[in-house]
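Working notes, beginning with the structure itself.
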Amino acid sequence: MTIITTGVQGGGIVARQEIRTMMKDQDLFTLYLLALERMQKVDESDPLSWFQICGIHGRPYTPYDEPANAPTGSLGAFGGYCTHSSILFPPWHRPYLALFEQILAKHVTDIANEYSTPALRERYVTAAQRFRIPYWDWAYYADPPDVITKQARITGLNTPQGPRDLDNPLYQYRFHNKVGHAEFGDGFDLERIWEGWPGTLRWPTNTRPTATSQANAVDATMNNNRLTIRDRTYNLLVQSTTFQNFSNDGFQGPETDPRYYDSLESIHGQIHGFVGGGTRIRMGGHMSIPDFAAFDPIFWLHHCNVDRIFALWQALRPDEYVTPMANPDGTWTTRPGTIENVDSPLTPFRISENRYWTSADARDTRSLFYTYPELAKWADLDPVTKAARLRTDINAMYGSTAPWGDLDAGLFSVSPSVPIANKTAPTTFEASPVAPAAAISMSMAANEPRPSAAKIAAMAFEKHAASVPPPGGHPAPQHHVHVPSHKHHPTSTHHGHGHGHGHGKKYTEWIANITVEKHAAKTTFYVYIFLGDFNPDSTKWAQEPNLVGTHVIFANNILSTGCERCHTAAREGKLVTGTIPLTGALGDRLGKEKLASLEPEEIVPYLQKELHWRIQTSEKEIERAELPSLKVSVAHAPVTLPASISELPVWGEAVKDFAVTAGRPGGAGEDD
């Protein structure tokens, strides 16, 4: 059977929707749920089944629809198609999502045509033409809607056979047979825990077959990192200027600019870890391990948003794309040391019977017949105008809660073109018209105005010599801003004095960078960054009030995985990086704890005393000294605010502050 990845054909270019938006389209969401259910019931030996498509990402480590003349690397056994920590990470997942989407769309169309009455059939066929897989915008909403994590059953769904209840296919995937060696391949005997779990789990309660998911732990972890996730995403879109830095988490070398330690892949791994979770059990949930992640239905909503962030970044920087980069690790189809580039095959996804998709083919989402709302609106504009409109949307969605959002709240008096503060967004799905939510969920709490917003706006900011004096005619004081609260950033609905008065304002951004061997803990692990005292019980760290943010190193169990790339990376001590923004959390402490400004002379001694970092896996805490490759460093940079909402802030040169971390376990010094 030859499987060609085409995307959804026959309906033109259709925008993928945020899942809360799709939930309001009851007919379309009904078809989506029914199609997921049907795909999950396809025999697991079928190459178009849920099991086989998800298995491309990791286990069971068998070639997918591979012809005799497929490109091969130098591995003695099949070692997977993994492109993690590779320049190909974003483009490889694009046809992967499209293959999943086209298979699911076929089920959507088939089901729509099964409704018996002409009126119903026409209604659902029309809805099917709107179908593309949805995304979960974790950078805006943080926690996923309850229909994914808490609603195990869907009741009264309007199916072609009439109303019926069904197990929610977004809640989990249930394996058809007992999971074991025959299904998941060599090395599985070291992961016997997975045998007992009949379906995918998130933050599993225990390792027994009766284990259940802990949706509240998912929500609490996501919400406690809510602003960190958003700040990381916004900073990445704003100031990651090259594809090499943007695309993957691989360490680029000791001369890497401190501003460029974060990446799309690093943020993506953070979400995997937060959803899979797990505390004091041998394994976290399925999403937390690359070998098993794709089996969880939330994987597809998560990666759809990863692709969306990728597409937004592309639109901001249309001339930047895949640059040649050595792949020292290799895959089943790539020899170690191969220079990967825009023409490297994205196996196993075929664009024709005899050719695989490449990054060049997948550069434009429209080649796979989809787009995203932010791009669809401006598709017909000239490049300059389109870029300005897109910057406006990105500022409105994510920038209003960045530290500078409080400083120039007037920029946000202009209504954004993307409806963002959607207080009626549903979280559960009922088989009847969706009513507005009775209360604002936790995920929306971050978008409400802070009582202290006026106080923040009154704080001093640095200006250029030509700036307008403040009321009273006195020159503006020459020091950096007091930034807004990290936990309670204001919404984009402030009313100010216009949108151009921010030109020349500056503040100081502070970041913590993390470098560590990807496989240092031999599985996925978590680096927690705290400001101030924290609970010594590591099971409480994910929801610790003084947690600034958590960086997740998303990695397979190296003792059992069939991923050859992972084994090579482990042998070579591959380093990966990520960033936790500190500015918002420091802003919470201004005016308290004897902090008066964000100047280095204030912040460096404060961080020497109050900045802490700790490590754990889902199973146990790891002492910092046990990971000699771990290097946490601190840097600061001046940031110039935009003159209008259609512009982005500009980061100046970053300065490393080794005095904060040198000599501490896991801390970077000048020689690192």
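If you count the sequence shown from 1, position 46 lands on 46 in full-length UniProt numbering, and the numbers rise without skipping. Glycine included, every Cβ here is placed at the ideal spot set by N, Cα and C. Computed from a predicted model, the values in this text were never measured in an experiment.
Residue ranges of uninterrupted beta strand (DSSP E) with 3 or more members, entirely inside the stretch 122 to 179 and ordered along the chain, are 153 to 159 and 162 to 167. A direct Cα-Cα distance of roughly 31 Å separates Cys304 from Val639. Taking 3 residues as the shortest admissible run, the stretch 342 to 367 contains the following complete beta strand (DSSP E) segments, listed from N- to C-terminal end: 345 to 352 and 355 to 358. Between the stretch 341 to 360 and the stretch 11 to 18, the count of Cβ pairs shorter than 8 Å is below three; the stretches do not touch. Between Val660 and Leu607, the C-beta gap is smaller than 8 Å, which places the two residues in contact. Within a 10 Å sphere around the beta-carbon of Ala119 sit fewer than 16 other beta-carbons, which makes this residue exposed. Taken through DSSP and simplified to helix, strand or coil, Gly652 comes out as coil.
Taking 8 Å as the cut-off, the Cβ atoms of Leu312 and Ala387 do not count as close. The criterion of a C-beta distance shorter than 8 Å is satisfied by Val322 and Pro91. Listed in chain order, the non-local C-beta contacts of Gln151 below 6 Å within the same chain comprise Asn168 and Thr428, local neighbours out to five positions each way being set aside. Excluding five sequence positions before and after Leu575, the CB atoms of its chain that fall closer than 8 Å to its own CB belong to Gly250, Phe251, Thr515, Val516, Glu517, Lys518 and Ser629, given in chain order. Distance from the CA atom of Trp203 to the CA atom of Thr279, rounded to whole angstroms, is 8 Å.
As the crow flies, the alpha-carbon of Asp165 is around 60 Å from that of Pro605.
Residue pairing by DSSP places Ser633 opposite Asn513 in a beta bridge. DSSP, reduced to helix, strand and coil, places Met283 outside both helices and strands of the structure shown, so it counts as coil. By the Cβ neighbour-count rule, Ser352 is exposed, with fewer than 16 other Cβ atoms within 10 Å of its own.
With contact defined as three or more Cβ pairs closer than 8 Å, the stretch 283 to 296 and the stretch 121 to 130 are not in contact. With contacts defined by Cβ atoms closer than 8 Å, Gln244 and Ile87 form a contacting pair.
Distance from the CA atom of Gly156 to the CA atom of Pro163, rounded to whole angstroms, is 5 Å.
Of the residues assessed, Thr210 falls on the exposed side of the cut-off, its CB having fewer than 16 other CB atoms within 10 angstroms. Burial check for Gly10: the Cβ neighbour count within 10 Å stays below 16, so the residue is exposed. Rounded to the nearest whole angstrom, the C-alpha separation of Leu598 and Asp588 is 11 Å.
Closest in alpha carbon position to Asn235, among Lys656, Thr30 and Leu582, is Leu582. Straight through space, the alpha carbons of Ser116 and Val552 are spaced by roughly 49 Å. The beta carbon of His272 lies closer than 7 Å to those of Met287, Ser288, Ala293, Val552 and Phe554 in the same chain, with the five residues before and after it left out. Annotation: Asp319 to Ala139 spans about 25 Å, alpha carbon to alpha carbon. For the set Val634, Glu647, His612 and Asp657, the Cα lying nearest the Cα of Pro665 is the one of His612. Contact check for Gly284 and Thr83: beta-carbon distance about 22 Å, past the 8 Å limit, so the pair fails to qualify. For Gly667, the three-state secondary structure derived from DSSP is strand. Inter-residue distance for Asp110 and Ser45 is about 21 Å (C-alpha atoms, whole angstroms). Note that the C-beta distance between Ile3 and Pro47 is below 8 Å.
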